[in-house]
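Before any comments, here is the structure.
Protein chains: 2
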Amino acid sequence: MRIGIIGGGAVGLLTAAYFSNHYDVTVYTRRQEQAEQLCTHGLTVICGDERTTHRVHAEPFVRETNVDVLFIAVKQYDLTNILKTNMHMLRADAVMFLQNGMGHVSHLPHMPHHHIALAVVEHGALKIDDTTVSHTGVGKTKWSVWRGKKETFSFLYTTDARFPFQYVGDWETMLIEKLMVNVAINPLTALLQVPNGMLVTHAPYRQAMEQLFHEVASIFQIEQRERIWQHIETVCQQTAANRSSMLRDIEAGRMTELDAILGYVIERANERCVPAPISAFLYALMKGKQLEGETER
Amino acid sequence: MRIGIIGGGAVGLLTAAYFSNHYDVTVYTRRQEQAEQLCTHGLTVICGDERTTHRVHAEPFVRETNVDVLFIAVKQYDLTNILKTNMHMLRADAVMFLQNGMGHVSHLPHMPHHHIALAVVEHGALKIDDTTVSHTGVGKTKWSVWRGKKETFSFLYTTDARFPFQYVGDWETMLIEKLMVNVAINPLTALLQVPNGMLVTHAPYRQAMEQLFHEVASIFQIEQRERIWQHIETVCQQTAANRSSMLRDIEAGRMTELDAILGYVIERANERCVPAPISAFLYALMKGKQLEGETER
């Protein structure tokens, strides 16, 4: 079976590596250079003390794929470019999306593919360089079918024990819960420039996160608030020393997922005419931080 | 005429220096050491290229003063200690308060003094060491009578042209407007760790400041919003390169005026049952920053 993965970031590389032991994997990269490096040197995963190198195909993505299963592992803000292309050129029986946020869901009805799945990645992964990814936290990937047959994706269960998949019935709840985690942790850690754990060890930060959480939970009319809030606290504790991806992006002066995460929340609030003062305030502060980064460069 | 000044910080020292040319000035300090230094070396003001040294009396404050006019120039958070003492020990015909915030106003009815004035300082001043203050921005001191006769304070108009006073009729509007300026500029610059000017040069920061401003203006039922907002923007422009006192306090791990400024706003909002989500969120973030500072030390 041929597996294609669009995106040579941390999530794309991690997924490529774990499937490459059993399947014929092609990574579609944005840059020619990364594709060449991957073909030449292979793809290395660091997990604990272990370091393994995997053979993968790689080529720059030119709006065309020809595989059995296609994983789309680009950031939300790069997705629009891909979805703007002729969908029929993305030849694949099945497609799985690995994005944070929910911006991609509205594009799904326009896709011609028979089998479409959505997933959220709960692994810690850090791209070290173009051919190396560090698996910093072994978690799982939750997934759900949006269209088509669940059985099409049964191959997911053939990978390494360190890269498990877990099926969940309701894709919307799955995405919203992941969004809630990202909303609570990412912009705040990036603004305050603190590791995840500090959001729960420092009572005032915890309070601010809780205020934000309840505002967003109201916007999405979340019912099981207590359970999701506990999940967020657990994530902060389990990844206490981690610097969130948004914090790392801000520090490196890179584009962030702010629009896909907090921008999406504000859009939904506006649509539903629900006030979102804290989300809008935090969004503006983070936009300013991004602008500072751009001005400094 | 004998003038007493409680407080050896930037505002206290600046006030002492400019009155010392015409009057017999005593600075009441918190620390014995500062009083000794002031007696030995005098009080130096740096203003532009000019450096002048003034002779002043100084002694540690031990709950007692004996002067004609008393300026109270301690931070809001130190005021409680002073106002807890036997008020009759603060011997003075007239008292002038030089605080940010409005927390002190509720204590005034308990004071035995015949003439009480309130003032807000619009100078830039930076304490360099125990005997040196830099007059970084020449502005003015607005003042108003809370009780007693305006004429008692006519001596204010005898000082240097670089230390002018301006009478305003309505003390409440004066204090609230100064509070609005402090609320808009201080916590945000301290949180973002940016100089004042960036709050207007960076559009998203300006937007966040405006959101906060409107929330607080609603809490205080401010009518002339446009005028005050323009004043805030002017202050940001005129002090563009300055780091606000709260930012400097946070950087130095010192206590801040957060409670006197934003804490006061939240109290008023709670009393009036008006929502204050942005103020409460920003307050929690800044409390966390303070806690970080304390933990690091």
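Read top to bottom, the protein sequences are chains Y and C.
Under full-length UniProt numbering, the first residue of the first sequence is numbered 1, with each subsequent residue one higher.
Under full-length UniProt numbering, the first residue of the second sequence is numbered 1, with each subsequent residue one higher.
The beta-carbon is built from N, C-alpha and C at its ideal position, and this holds for glycine as well.
In this text, all values refer to a predicted model and were calculated from it rather than measured experimentally.
Item	Value
How is Q99 (chain C) classed by DSSP in three states: helix, strand or coil?	coil
For E292 (chain C), count neighbouring Cβ atoms within 10 angstroms of its own Cβ and tell me buried if that reaches 16, exposed if not.	buried
Distance check for L212 (chain C) and I219 (chain Y), CA to CA, integer angstroms please.	21 Å
For a contact meaning CB atoms closer than 9 Å, what does Q211 (chain C) contact in chain Y?	P277, A280, F281 and A284
Cα separation between L126 (chain C) and G137 (chain C)?	10 Å
Restricting to runs no shorter than 3 residues, where is the beta strand (DSSP E) found entirely within the segment 171-238 of chain Y?	none
Less than 8 Å between the C-beta atoms of P60 (chain Y) and Q32 (chain Y), yes or no?	yes
Are A119 (chain C) and L98 (chain C) close, meaning C-beta to C-beta below 8 Å?	yes
If we count the other Cβ atoms within 10 Å of its Cβ and call it buried at 16 or more, is N100 (chain Y) buried or exposed?	buried
If N242 (chain C) sits next to N196 (chain C), beta carbons under 8 Å apart, how far is it from one beta carbon to the other, in whole angstroms?	5 Å
Give the interface partners of P204 (chain C) over in chain Y, defined as CB-CB distance under 9 Å, in chain order.	Y283, A284, L285, M286, K287, G288, K289, Q290 and L291
Would a C-beta distance cut-off of 8 Å place V45 (chain Y) and L14 (chain Y) closer than the cut-off?	yes
Under 8 Å: do the segment 143-150 of chain C and the segment 42-56 of chain C share three or more Cβ pairs, one atom per stretch?	no
Label D1 (chain Y) either buried or exposed according to how many other C-beta atoms from any shown protein chain fall within 10 Å of its C-beta, with 16 as the threshold for buried.	For the record, residue 1 (chain Y) in the displayed sequence is Met; it is not Asp. Burial call: exposed.
Quick one: list the residues of chain C neighbouring A208 (chain Y), beta-carbon separation under 9 Å, in chain order.	A280, F281, L282, Y283, A284, L285, K287 and G288
Spell out whether any CB of chain C is found under 8 Å from the CB atom of L247 (chain Y).	no
Roughly how many angstroms lie between the CA atoms of V181 (chain Y) and A73 (chain Y), to the nearest whole one?	19 Å
Spell out whether any CB of chain Y is found under 8 Å from the CB atom of L192 (chain C).	yes
Assign R162 (chain Y) to one of three DSSP states: helix, strand, or coil.	coil
Would you say A184 (chain Y) and M209 (chain Y) are within 8 Å of each other, going by their C-beta atoms?	yes
How long is the line joining the alpha carbons of P204 (chain C) and L285 (chain Y), rounded to whole angstroms?	6 Å
Any idea which residues DSSP pairs S134 (chain Y) with across the strands?	Y:I46 and Y:L126
Is the beta carbon of A43 (chain C) sitting closer than 8 Å to the one on T158 (chain C)?	A quick correction: the sequence has Leu, not Ala, at residue 43 (chain C). The answer is no: Cβ separation not under 8 Å.
Rounded to whole angstroms, what's the CA-CA distance from A94 (chain Y) to G288 (chain C)? Just pull it up for me.	47 Å
Where does G288 (chain Y) fall in DSSP's three states?	helix
Counting C-beta neighbours from all protein chains within 10 Å, is the total for A280 (chain C) 16 or more, i.e. buried, or is it exposed?	buried
Of the residues Y:N66, Y:G103 and Y:A92, which one's Cα is nearest the Cα of T80 (chain Y)?	Y:G103
For the beta strand (DSSP E) that H57 (chain C) lies in, which residues bound it at each end?	H57 to P60
Work out the CA separation of V25 (chain C) and F19 (chain C) for me, nearest whole Å.	7 Å
Who are Y167 (chain C)'s beta bridge partners in DSSP?	C:W143
Less than 8 Å between the C-beta atoms of I116 (chain Y) and I6 (chain Y), yes or no?	no
Determine, for Q34 (chain C), whether the minimum Cβ-Cβ distance to residues of chain B falls below 8 Å.	This model lacks chain B altogether; the protein chains it does include are Y and C.
For P112 (chain C), which residues of its own chain have a beta-carbon under 8 Å away from its beta-carbon, when the five flanking residues on both sides are left out?	M87 and H88
Could you give the distance in angstroms between the alpha-carbon of E50 (chain C) and the alpha-carbon of D129 (chain C)?	17 Å
Given L199 (chain Y), which residues of its chain have a CB within under 7 Å of its CB, disregarding the five upstream and five downstream residues?	I185, L188, T189, Y205, R206, M209 and C236
Starting from F19 (chain Y) and walking both ways along the alpha helix (DSSP H), at which residues does that stretch end?	A10 to S20
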